[in-house]
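S.K.: Would you mind keeping the following structure in view while I ask a few things?
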Amino acid sequence: MPSNGASQIVLPIADAAALLALPLTTESPFDGPRQDFQTSLPACADAADVGTPRIFGRPDLTSFHGSLLRDDSEDGRHIVKQAVGVFGSSAAAAAAQGELITRTAACLKAQSLAAREDDTTSGSAGKDWTFVNMNAAADRISWRKVENQENGWQCGLVSQAQDNALLQALVCERTPPPKGPATELLNAMVARIPQAAPELPAPEPAPTS
């Protein structure tokens, strides 16, 4: 896909809200890999979020775009995040995905205690999470993180390497938990990847007299 095509893949807020049937009203775009909190287990830093600098911050990244979507309720019950990075080659995108798979597996193996996330921007109280249900198949990986408190947050995360791009989606809701909308969101993102124009057959030579 084009080197500057990351922003074309991220769903606008109205499309994401309609697809997921969620009351999303606030959109915060970002144009570089970032992570707004720290984790008590470094092994879980990249399993805790999408669009992280360690996965996308590579010299062969040619464009990046992300979007954080929320509802506007006072306590907040829905968070949706999309991240897309376009790399210089399909091999580079696959390498980034491979590193994420390795790091996520290490997180699930290392967490004898729950990983704590501390917000570095607002200073709000941290949350304790458990990471579960990793499923890696072909070019896609999915997993979940669950807040360790009654009626806490539950999040689905999914990542896929597609051609020279890496696409990630996160959907978090307070209980009842999401039942797969992160995968639905990622499928919709994949469908927005520009398709290369088919090659036209060479014209037949003009007949000679």
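In the UniProt record's numbering, the protein residues as written are 1 to 209.
Using N, Cα and C, we set each Cβ at its ideal position, and we do this for glycine too.
Source: prediction; values computed, not measured.
Closest by CA to residue 159, which one among 136, 174 and 153?
M.R.: Translated into the one-based positions of the sequence shown, residue 159 becomes position 159. Ranking the options by Cα distance to residue 159, first place goes to 136.
S.K.: Just confirm the distance between the C-beta atoms of residue 184 and residue 19, as a whole number of angstroms; I'd bet it's less than 8 Å.
M.R.: The residue you call residue 184 lines up with position 184 of the sequence shown. The residue you call residue 19 lines up with position 19 of the sequence shown. Residue 184 to residue 19, Cβ: 6 Å. Contact.
S.K.: Do you know offhand how far residue 95's Cα is from residue 173's?
M.R.: Looking up residue 95 in the sequence shown gives position 95. Looking up residue 173 in the sequence shown gives position 173. Taking the straight line joining both Cα atoms gives about 30 Å.
S.K.: Taking the alpha-carbon positions, what's the residue 122 to residue 140 distance?
M.R.: As a working mapping, residue 122 is identified with position 122 in the sequence shown. As a working mapping, residue 140 is identified with position 140 in the sequence shown. The pLDDT assigned to residue 122 is 45, lower than 50, so where the model puts this residue is not dependable; a value taken from the coordinates is nonetheless given after this. Taking the Cα positions, residue 122 is about 32 Å away from residue 140.
S.K.: Is the segment 51 to 66 touching the segment 22 to 37, taking contact as three or more C-beta pairs under 8 Å?
M.R.: The segment 51 to 66, when compared against the segment 22 to 37, does touch it at the 8 Å Cβ threshold.
S.K.: If we call anything under 8 Å between Cβ atoms a contact, is residue 22 one with residue 85?
M.R.: Looking up residue 22 in the sequence shown gives position 22. Looking up residue 85 in the sequence shown gives position 85. Not a contact, by the Cβ cut-off of 8 Å.
S.K.: Using a 10 Å radius around the Cβ and a threshold of 16 neighbouring Cβ atoms, would you call residue 76 buried or exposed?
M.R.: By one-based count along the sequence shown, residue 76 stands at place 76. With fewer than 16 other Cβ atoms within 10 Å, it is exposed.
S.K.: Sort 152, 151, 150 and 156 by Cα distance to residue 144 and report the nearest one.
M.R.: As a position in the sequence shown, residue 144 is number 144, starting the count at 1. Per the C-alpha coordinates, the member of 152, 151, 150 and 156 positioned closest to residue 144 is 156.
S.K.: Distance check for residue 82 and residue 51, CA to CA, integer angstroms please.
M.R.: In the sequence shown, the residue the question calls residue 51 occupies position 51. In the sequence shown, the residue the question calls residue 82 occupies position 82. If you take the alpha carbons of residue 51 and residue 82, they lie about 8 Å apart.
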